[in-house]
Each structure stands twice: as structure tokens, then as C-alpha cells.
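Residue numbers (this note's numbering), protein chains in the order written: chain A, 1 to 507; chain B, 1 to 507; chain C, 1 to 170; chain D, 1 to 170.
C-beta: ideal position from N, C-alpha, C; glycine also.
Worksheet: the structure to be examined is printed underneath.
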Amino acid sequence: MGKLISSILIANRGEIALRIIRACKELKIKSIALYSDEDLRSKHVKSADEAYYLGPPAPAKSYLNIDKIIEIAEISGAEAIHPGYGFLSENETFAGKCEEKGIIFIGPTSAAMALTGDKMKCKEIMTKAGVPTIPGSDDILEDVDKAVEIAEEAGYPILLKSAYGGGGRGIRLADNEKKLREEFEMASAESRAAFGKSGLYVEKFLQGIRHIEFQLARDSSGNGRHIFERECSIQRRHQKLIEFSPSSVVDKKTRSKIGEIAVRAAESVDYLNAGTAEFLRDEKGNFYFIEINSRLQVEHPVTELVTGIDLVKLQIRIACGEDIPFQQSDLNLNGSAIECRINAEDPFHDFVPSVGLIPDCNLPYGPGVRVDTYLYPGCNVSGYYDSLVAKLITWGQDFNEARVRMSNALDEFIIEGINTTIPLYRTIMNEKNFINGNISTDYLEKYGILNLMQNQIKERTLKTSDSSIAAALLYSEFLKGQNPAYNSSKELSLSDWVRAGNTKNGI
Amino acid sequence: MGKLISSILIANRGEIALRIIRACKELKIKSIALYSDEDLRSKHVKSADEAYYLGPPAPAKSYLNIDKIIEIAEISGAEAIHPGYGFLSENETFAGKCEEKGIIFIGPTSAAMALTGDKMKCKEIMTKAGVPTIPGSDDILEDVDKAVEIAEEAGYPILLKSAYGGGGRGIRLADNEKKLREEFEMASAESRAAFGKSGLYVEKFLQGIRHIEFQLARDSSGNGRHIFERECSIQRRHQKLIEFSPSSVVDKKTRSKIGEIAVRAAESVDYLNAGTAEFLRDEKGNFYFIEINSRLQVEHPVTELVTGIDLVKLQIRIACGEDIPFQQSDLNLNGSAIECRINAEDPFHDFVPSVGLIPDCNLPYGPGVRVDTYLYPGCNVSGYYDSLVAKLITWGQDFNEARVRMSNALDEFIIEGINTTIPLYRTIMNEKNFINGNISTDYLEKYGILNLMQNQIKERTLKTSDSSIAAALLYSEFLKGQNPAYNSSKELSLSDWVRAGNTKNGI
Amino acid sequence: MEFKINNLDNILSGSISESSVDGKIIATINGKEHFIRIIGLKNSILEFILDNSYRTAKIIEFGSSYIKMIMNGEQIVLKKHSKLTEILEKSLAISGSSSGENKLYSQIPGRVVSIMLKSGDQLKKGDSVIVLESMKMQVAVKGHKDGCIRDIKVKVGDTVSRNDVVALIE
Amino acid sequence: MEFKINNLDNILSGSISESSVDGKIIATINGKEHFIRIIGLKNSILEFILDNSYRTAKIIEFGSSYIKMIMNGEQIVLKKHSKLTEILEKSLAISGSSSGENKLYSQIPGRVVSIMLKSGDQLKKGDSVIVLESMKMQVAVKGHKDGCIRDIKVKVGDTVSRNDVVALIE
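Structure (C-alpha cells):
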């Protein structure tokens, strides 16, 4: 291994900034953090070797402020920039600016990023490279006959989508030609009225979809590796909640086959560094490429735990021009790992964001437990940034051991002051369809998981009612003792024992 | 796998009680804890499903009180008892009492324990079973000629030891026959004067010794496995401080060979459950069996991290009559793991114990880091029990990655209120002989590690002197602002900004 | 004494039946005797052993007829129960839903990204009035009752805190 | 101002040279200018950024001429330095070692397991006077000066706390 660089500026915040700082410490590279006004007291500022002030809280004025970040990189003498995920991580202008200034961007080249960022172009390249994509039109359709032709080829039912919609708006399902023609006319008219143009395209409708992705790495010598899959089907409104590896529906043969396709996809855009090829898998077991995420993924720890590879250190080494230090055949899938994304959202109230001071928190630990988080007692969860406050990751010899450890670690994880998605995950970890691997991207709705969670909380409250009544009795007795009005009463007051207990225990 | 038991009483305290509680939770077995008056607020009481009061703080009246523990086991309906390490874990009377009462003892049978506990008898059995032991006399020597004869066979230099000595007292080294005869006469006379009998024996003197042990497991069907070695040579006065696996001097062939010897040793005493075969290794690479520790070892997490096996769950399964679920050939050594025993002792003052309230503590975490501990902010470290307050264990793809992670985790580990051995380990993790594997049981003295630690602290203090002076300046300015006498002064007081900063940050 | 817990239907009961000076207490809860040993009370955290099991409760708030605590990570509100309070609560609930509060509060802090209704518009309970952005998510503040918008108190780009009044509905 | 830190030989210096109302300070430490931004002070924990690096110090004790803090897990004692204090300290050190304190304190809490000397015995500095057991280890309390035992204040089986007087030495 050659000489590495001596300093990295981390253009991010929160748990991922801390994750990158840890990698820097292990490689004896100086870590340089950035902070907005909102983040002066954040943990990444405390952990980094250096920290520079960036600007006001709003992302546009701080963590998305390309000019300011480049300026700090030059002032601080940073040799490289790690963008983390989110913010500028997939911004080709930023990557390009780094290239221009001679600062190493720890990620793909701006050219590769431009290709992976343009979904239509990327799909075209993949099709040429023999990577399977979701059957459908390659471009916008002006003609209903063309739509019918494609539908015949891909098979019904088929999805009719508007290029100007988004987030599910304007998606229509047609299960035969007659229906498709009707819907096309309606949708076309609607679209013309709203946007002045039709802009429709069709795509095969996939049932019982699983979202499965492959971790990739490719170095500057052109060596490409896939580092196995992650199962990411537990989602809410297309946001991943839980990820694990290996997937129960990916056997050794499929892993090699789809993994090789993923590597081919990376090659076809001359990809550099770590990335992720995302696929959808239908009920029949067909895999369809959807896109390459050209950055370190939130869920990368799952892969780290089953392979032993430190992906952030690997990213840094590749960015410094080193070759990937392993062959595809060197990799072993060791055990099973699960990640839960702990979000500051209230699962009992439609997942509204929950922000504010964390008076206290208790991080779980023990065999097979890893936490990546920026939380500490007294810290602040800001409404300006992402709701992810912690990632809890567990490892086990098999899925079941990892799952039980996750369930126990969730019980141990206490975050005071805000609502989080922990109760939801406590329910899922013990839900029979999850246990048996009966999952798909509509898992939450299909099995009424939110209702199940509500009912379980009620049951738990009832089960602990003896304890809560006891606490109430003890505390009100204590208050009586504090209140002089009660002191004259002949009733024995508990406060004396509470106090006695405190004295004994050195409080 | 068959049906397991429904409850386990844990006849221990501290981190090992917590470790066993975790295993119980994973297996959905009710955990029953015990506590002395000193431990009412201890974490194992808080974490267990049930907790029973045992007695006054002194071990003899609490955690060593066999009758009381058996009584609680019967009252609570415990189906099994896990003794942890220390206390009653190697007490054959206790194991026997459990057998008598029909309570499953999670450990070897009392019969096997009696054999492993008697070192002379055990050595005899091992010699018969073809297990190499340290060459020397099998019994006490009355005759100097016999001593000379054995010395000729074992080779000089040879150690002359008194059976009535102990802890290094009365050990003499002889490097030729003449010296041996002289020393024998002197030692014999001395011993006769002090104890009324001679009681001398000889043993081969081993140079540059390493202490290497093999983890064992054996089930009730007689299946025996070794679960690789642990290198335990970093010691202070025969107390292990740091353990790791694999050992840099054990190659694959040696691992199989000595591992098989360890299994043979276990078979020769009809050993049951998890145990450890301890060996000494001399500079020439010879291994000599010393003893079997018939319990779960403090350093078992090292083995757990390189094999993925949960040894406590394995213990419980074996005790319930299950067979070991893996063949010897199924085991893979995955990466490298190191453990540091964090003791409440002051390494700057001859390791005197340090006890009391822990106002605050910060446990390290992150990729590859595991902590087994009973510490929490506000807990108490008692002088009544063992000084081990935490075990810090790190994993890496190789020794170096594990070592660097350990070094960083030690930097992160803050324990307020007491002195600990953390500064010593920070020095060792970056000391070149340790890095290069030049270690032996006299490592601390041989390389002047304590002096090195003292010097490094001085250097660090000097290096951070800018920061400490800055802190002093800021704090004294703050005090000035607090004192009305200074308020009239024209000097600007920093306290205003401190307060301004606090307000901004919502304090 | 009788209690109601959170939204559970059951009416539960508890009282202290015996107590000795060394911190050991016998309580009768839902008709069963329980043995309690107090460990301590510090920073509103009450610790005790109930029938050989450790329990802890963090007391958040208390009043003459209720106590709010966190137990096992869940919030528990315990109300003293009596026929009278039940009747009172019911009548309050009825009056609350009919006339109710005019002020519409934001349930979260965030930045106003769009305003859906203007002064004078009619709305039904549940209709979106304004949309806030917090943590990269868009969250609607919805009408808490049927009525007519009298005033919108915020404009696009404003930052609001939790429980700020964003509109008046008549 | 001049400082001495722990047992370092160097004499160090520091003073605040500039300060503005928004919490930014310039200090001159050992001849170099440093830029400081205060983050906060809470529960005796002082947090600040020194030349773009985060620093924290927990203040343990302070007096008119010294300050004791924990920084990076290590205890730092900073003394204001002047020629006068140096002379005073030296003379104190001399008188301290010659006449000194009569009381022998236990440096740790523990149980007395044996008493090595009795009233009237002569001892040299460093001789073991009693042996305590703590955490399964035996630790000797050793004479802090040459002299003669006037009184042993403990008996075998006693429990002593840290800094308890265990003997008087004259």
C-alpha cells in the first residue's frame, strides 16, 4: 500500500461525518469538519481534528454551499474531500470543482456521476451493456398505438406514468389493451391541461417487489468488485427503514449472477470508488436494474459486518489511487447483519418530524451490536437537516441471531426528549412475516404493521400497569412527605424511606 | 435443537452477570440475578428479569454463600445456575450441591472439576494421556540425587521450588549440577526450619515464555472441540492484562496440533461444557500444558469475535444436553481480536485499587468495538469485589486493524472518579515490541513499559499545554465576571460571552 | 384508589397497605399484594424493586389528579379515577369538539413552504391550511375543526416553532 | 501571566489580548497568538474552539493561584508562577520532609487484614505499617517518614475509608 494523503475535509454532518472521522483516525489522516451555526455543539465538531465555520443553518447556506466549502478546503490545506451521503455527494458540479482545484474527491469522477445521475441515459447505457432494466418505453410516447405495442411485449398489467408527475402522482394501472387506450386518452388530456404537453410513458408493473441492491467498488486500474447484496424492502413511502444482508431470496448462484451484472453496470459508466447498483426483484425472481447510487450508502454498515471490510477506508484508499486489495473470490459472506434507521419521527402520528434537545440517551451495546450515531446526552436534534439520528446494526451467525439481538438492542436504546421510530422496529423484529422473510416494498401496509404496533403498545402498557401504579403510589407518598400540610397527618410517609435510601446510596 | 430451560440463576455480579443476562435474553430464558447490600444499585440487578437479595457485602456472606444461593435457586424456581468466573465457578462442592438438588450447573461435573482442580493429579493424568507437561519431578523429592537425575533429563537451567512456598517465594534457579546440589541443601534446610519438612521439587526453567491457551467445548455425547487459541502473554504479576487471537506464533499446523492435544486433555478428565486448556510456550516453540480452567474465561469475547460463536449461549445449550452444533472443520478463524481488561487500579501508583462513585463515563463504540461492562453514569465501583470494571474488545481484519481500533477506542473511553489501567494500554497499543509481536510474560519489565507510559503522559501534557492555559484563562475570566468586586473594573469580562454562548445554545 | 392509564379501558386500583422503616412496602394493586423495596429517587427517576424485579420510572409531570411518567421507554399517564371526573371529562370533551379553540397551532417546528388557504376560505376539519418543511419532509398543518379562515398568521419562508399559532379559524 | 503545569519543568505564559462581544477571543499563549471561540460552560465543563480545534476542560477545583482540570482524560494542575511562589514552595517542601505530618493516612478504602508494627516500634519511610485488602488485592500502607509508631488507630477486620488516619508516627 502506498502513502496515503494527510488530511480529509468532510463536507457533511451527523453520524456519517463521525463515521468518516473514525476512518480517518484509523488511517492517521487529519479530519477536518465543517459546522453551521446550528451545529456548533454537534459531535462531529468535537471529534474531528479541526472544525471550520460554514454559515447559517439552512443547508443552501452551509452544507450545500459549494464555493464556501471549496474555500475552506483551500484554507485548511485539505488534500481530499469526503462528501458522505446526501448534500453534495451526488452533485457533479461539486465533484467537477474538486477536480478543477486539484482536490481529491472521494467518490466517482464528475463524468461518471453525470451518467449515473441521468436515469434515462443510464438506462440506455445499461440496456446496451446487457443489463436487464424494467421493460417499457425508452422515451416519451406521443402515440397510444406505440404504448399498446410496448405493453404487448412487456405483458399486462402495465403502468402508465407521466414524466411531469412524480411521487406517485398520475400513475395509472392498465390490465388490458382497452383499459390502456382509455387511460392513455384521459391521462394525456389531463397532462396537456396541466403542463401543456402529454409526456406519457409505460413501464411493466411488477408485483410483490423487493428492493435489493449490490455494493460495488471499482478502482482507478479498472478492477471492479461486487461486495454482495443488501435487502432493502422494508420501506415507508419509498424511504428505506430496515436493511439486511444476505437477502433470504438470493442464493449463491443468484448472488454471483446479479453481482456480475452490477459490476458490468459499473464498468459501462467507467465508475470509480464505492457505489451501489439498485435492483427490483419481482415475485418470479427476475431482477431489474434501476439505478446506480454514486456514493456511500446509509446502509453500508450491513455490508461491513458480513464481510469485515471497512468501506470508508476502502473508499479513501481507492481515491488515493490504490488498487482494491482483494479479488472477488477472496470475499466471504460471514453471518448475517441487520440495520434499523432510527429516525426522529413519530410513528404514532403519521411520522411527523420530532426535534429538540435530548436531555439523556442510552446507546445499546454488547455482543454483535453496533451503533452509528451523533447522539449524546445533552445534544440537539435539529429540524434543519435529515431525520436520521442513529443507525442500529446487529450481527449474528444467522438472520435469526441478528434479529433477536436487534430486538434486544432496540429495548435498550433510550432517546429522551423526542419521538423516534424505535417502537415500529420493535414490532417488526417480532412480526412473523418479517421473521419468515415474507417481505416486499408494501410490507407495512400489507400486514397492517402500524396497527399491530399500536396494539402492542396497549398490551405492554397493560402488562406494566402494576409497575406504573406502584410508581405512582410511591411518588405521591413522597410528595406528601414534601408538603408540610400533610406532615401533620398520622399516615406514615414514604418520603422518609426514599430519603433513607438516598442517603444509604450516597446521593 | 431441543427445548431449552426456562430460567437461569446467575451466581455472580458485574460485567459477567450482564454478559450472561444478555445470553438469556437472546434465548428467551428468564434471568435471575443476586445482589449483596453493596450491589442494590448495580446494573445486573436492573437488567435481570428478577433479582434476589443475598446478604451483606463481604463475598463470604454473599456471592460465596453456597447455602443461601441454593436456597434462592429453589425459592425462585431456577432450573439452572450459571456461576460466571471467579466466586463459585470452580468450586466442586457447589457444583456437587447443584447436582444433588437437581439444578443444572452450567459448567463441568463436580467430578471433572475435582480432577482439574488438583494440579498434581491433573498433570499425572495428562502425562498418561500423552499431553506434554513441563518436565520435572512428578512428586516431592527427598533426595538431591533424584533431583540431579531429573535435571539431567530436563536439561539445565532448572528451577528448584518449594511445595510450601507460593507466589515466587523460595524459587531458586540452578544452571548446573554443582549449583543445584548447593541450592538443594540450602533450600531444604530452610524449608525444614520453617515448615518442619523439605517439600522440594524441580521443574524445567523456560525462557521467554508466552502464555497461550485454547478454548475448549465438550458436550454430554462426548464431542470435543477446540475453538482456537488466545495469546495471553501481556501480564502483570501473573495477572492477564491483554489477550488476543490469533497468536502471531501459532500457525495453522500448530493450531491443529495443540488444539487436538487440548481436546485430548479435556477427554482425559471427561470434561463437560466450555473450558480452557492453558499452555506455556518457550522460545523454541515447545508447548507445555499447565492446567484446565473449568469455567468461562474472562477473555472469552476474543474467541467470540474471531469465530462468531456466542460461547455463553453454547454453554447453556450444552448444559441442557444439546450436542455442539458444529464440527471441528466448520470453524473458521475470521480476522483478529484484542481484549484489554480495564481495571480500577492506578498504573501510576503501583496499581493500588481505586474505588468509589463514577459521576460520569463514556463508553467507546463504532465499527469493530465491543465493551462488556457494568459501568454507567452514577454507578459505584466497590472495593469488596474484583477490580475489573470493563473489558474493551476490538475486532479487525488483521491484528493491526484491531490494534489501531483498540488504541482509538481507549482514547474515547472516559471513566470519571477513579483511576484505571487505560493509560497503560494506550501506551502498549503503540509500543513497537507489542506491534511486532515481540512479547513474553515479562513484557512489562523487559521493555520498561511503565516508564514509557510516564514519559508519554508528560509529553502529552506538554503538547496540550496551549489548550490547558487557554482553559485556565477563560475560566478565570469567567470567575472574575462572577465576582462583583471585579465588575467595576474596566476590563472586559469573558463571563458575558460565556453566558451569551449558553443562552444561544439553550442552556 | 382507582386509576386509569393512557387510553386503556380498564379501571385499575392500588393502595399502600403496609410499610416499615427500612424502605420495604407492601402495596395492594388490582387486588394482589406486592412487595416493594425502594432503591432511590434522584433527578425525578424513581427506582424500586417490585416482587423481585427492578423497576424504574422517570416522573415527567404531576398534578393533584394525574401523574405522567416514562416507564420502559413509553409515556404513561395515570389519572386518579372517580365517577365525577369521568362525567366532567366527558362534558369537557363534548364542549371541546363543538365550539372549541379558534387557534390553529403548528404541531412541529419548521419553515413555511406553502399556504393552501387564504382569509375567508371555508374549510373542513382535516383540510391542509399550510405546509411546513422540517427534516427535509413536508408536513401539512391541518384544520382542527370545520369553519372559515379568519386570519393566516404566517407567510412563506417564515420559521415557526412547535405550538405557534399559524391561523385563526371561526 | 506565567504558569507551571503538573510536574513539567517549563514555565509557560498566557494572556488574553483581544476580545469581542460575540464570544471570539484572541489569546497570546507562549508567545503565539491563538483564536478562541467559546461554545459554553455548563456543569463545570468548559467547551471552546482553539484555532479551529474543539477543546474541552472539566474544571475540578480552583483557588487564587491554581486551577485543577481534566483535559483529554488527564488531570492537569496549572499553577500561577512567580519567583516568590517558587521560593515559598521550595521552603515548604523542605520543612514538609523534615518535620512533616504525624498522621499516616490510608491511600485507599479497604479492610485491615494485618498490622505489621505496634506502638513504640521504630520505622523507616516506606516500611509497611498495616496491610489493607481491597478488590481481592493486598495493599500495604507504608510509613510516610522515618520515626516511631505512637499509635495504631485500627485493628484487624476494621474497614477504613480513603484518607482515614491509620497510625500516628513521631
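Query: Can you pull the chain B residues whose beta carbon is under 8 Å from the beta carbon of S19(C), in chain order?; Result: Going along chain B, no residue has its Cβ under 8 Å from S19(C), so there is no contact; the nearest lies around 18 Å.
Query: Going along chain B, which residues have a C-beta under 7 Å from D310(A)?; Result: P367
Query: Report back the beta-carbon spacing between Q138(C) and V113(C) to the nearest angstrom; my notes put them in contact at under 8 Å.; Result: 6 Å
Query: Taking 7 Å as the CB-CB cut-off, is I39(C) touching chain E?; Result: Absent from the structure is chain E; the protein chains it does hold are A, B, C and D.
Query: Is the beta carbon of S233(B) closer than 7 Å to that of R210(B)?; Result: yes
Query: Per DSSP, which one or two residues make a beta bridge with R180(C)?; Result: Because residue 180(C) is not part of the residues shown, which for chain C are 1 to 170, the question remains open.
Query: V404(B) touches chain A at which residues, Cβ-Cβ below 9 Å?; Result: K25, E26, L27 and K28
Query: What does K284(A) touch in chain D if you count any residue whose Cβ is under 8 Å from its own?; Result: Those within 8 Å of K284(A) in chain D number zero; the least Cβ separation is about 54 Å.
Query: Comparing C-alpha positions only, which one of S20(C), N7(C) and I25(C) sits nearest to G14(C)?; Result: I25(C)
Query: Against chain D, with Cβ distances strictly below 7 Å, would D39(B) count as a contact?; Result: no
Query: Where do the ends of the beta strand (DSSP E) carrying M69(D) lie?; Result: Y66 to M71
Query: Alpha carbon to alpha carbon, how far is P347(A) from I414(B)? Give it in angstroms, no decimals.; Result: 35 Å
Query: Counting only Cβ-Cβ distances shorter than 8 Å, please list the residues of the region 122 to 151 of chain D near chain B, keeping chain order.; Result: S134, M135, K136, M137 and V139
Query: With a threshold of 7 Å between beta carbons, is A485(B) in contact with chain A?; Result: Low local confidence applies: a pLDDT of 48 at A485(B) is under 50, so the model's placement there is unreliable, and no value is given.
Query: Closest to I59(D) by C-alpha separation, out of E101(D), N52(D), I70(D) and L168(D), would be which residue?; Result: I70(D)
Query: Note down, in chain order, every chain C residue with its Cβ under 8 Å from the Cβ of A51(B).; Result: I49, N52, S53 and Y54
Query: At 7 Å on the CB atoms, spell out the chain D contacts of V45(A), in chain order.; Result: Y54
Query: Could you tell me how far apart the beta carbons of E229(A) and V250(A) are, in whole angstroms, since I believe they sit closer than 8 Å?; Result: 5 Å
Query: Starting from the Cα of S294(B), find the closest Cα among Y288(B), A274(B) and L280(B) and give me that residue.; Result: A274(B)
Query: Under three-state DSSP, which class holds N343(A)?; Result: strand
Query: Can you find a C-beta in chain B that's less than 7 Å from the C-beta of G96(D)?; Result: Confidence at G96(D) is low in this model, with a pLDDT of 45, below 50, so its placement is unreliable and the value that follows should be read with caution. No, no contact with chain B.
Query: Taking D127(C) as the reference, give the member of I29(C), I115(C) and I36(C) with the closest Cα.; Result: I115(C)
Query: Confirm the yes/no value for this check: CB of L117(D), any heavy atom of the ligand SAH, distance under 6 Å.; Result: The ligand SAH is not part of the structure shown, which contains no ligands of any sort.
Query: Name, please, each residue of chain B whose Cβ falls closer than 7 Å to the Cβ of G73(D).; Result: I414
Query: In the region 13 to 78 of chain D, which residue ranges form an unbroken beta strand (DSSP E) of at least 3 residues, counting only runs that do not cross its ends?; Result: 24 to 29, 32 to 42, 45 to 50, 53 to 62 and 66 to 71
Query: Given a threshold of 16 other Cβ atoms within 10 Å of its Cβ, counted over all protein chains shown, does Q215(B) qualify as buried or as exposed?; Result: buried
Query: By the criterion of Cβ-Cβ separation under 7 Å, what are the contact partners of E304(A) in chain B?; Result: P367
Query: To the nearest angstrom, report how far apart A129(B) and A265(B) are at their CA atoms.; Result: 7 Å
Query: Tell me, to the nearest whole angstrom, how far the beta carbon of P132(B) is from that of A154(B); I am working on the premise that it is less than 8 Å.; Result: Not quite, the Cβ-Cβ distance comes to about 12 Å (not below 8 Å), so this is no contact.
Query: Relative to the C-alpha of I49(C), which candidate in D39(B), F351(B) and P57(B) has its C-alpha closest?; Result: D39(B)
Query: Measure the C-alpha to C-alpha separation of K153(D) and A167(D) and round it to an integer number of angstroms.; Result: 5 Å
Query: Just to confirm my understanding: we take I212(A), look at its own chain, exclude 5 residues before and 5 after, and list those with CB closer than 6 Å. What are they?; Result: E229, E231, S247, F279 and R281
Query: Thinking just about the alpha-carbon of each residue, which of I242(A), Q327(A), Y385(A) and P359(A) is nearest to the one in S440(A)?; Result: I242(A)
Query: How would you label G166(B), buried or exposed, when you count the other beta carbons within 10 angstroms and need 16 or more for buried?; Result: With a pLDDT of 49 at G166(B), under the threshold of 50, the modelled position of this residue cannot be trusted; read the value that follows with caution. When all chains shown are included, G166(B) counts as exposed.
Query: Have a look at K138(B) and N332(B) and give me their C-alpha separation to the nearest angstrom.; Result: Note on identity: in this sequence residue 138(B) is Asp, with Lys being the wrong assignment. So the alpha carbons of these two residues sit roughly 38 Å apart.
Query: For S44(D), which residues in the same chain have their Cβ closer than 8 Å to its Cβ, ignoring the five residues on either side in sequence?; Result: K58, I59 and I60
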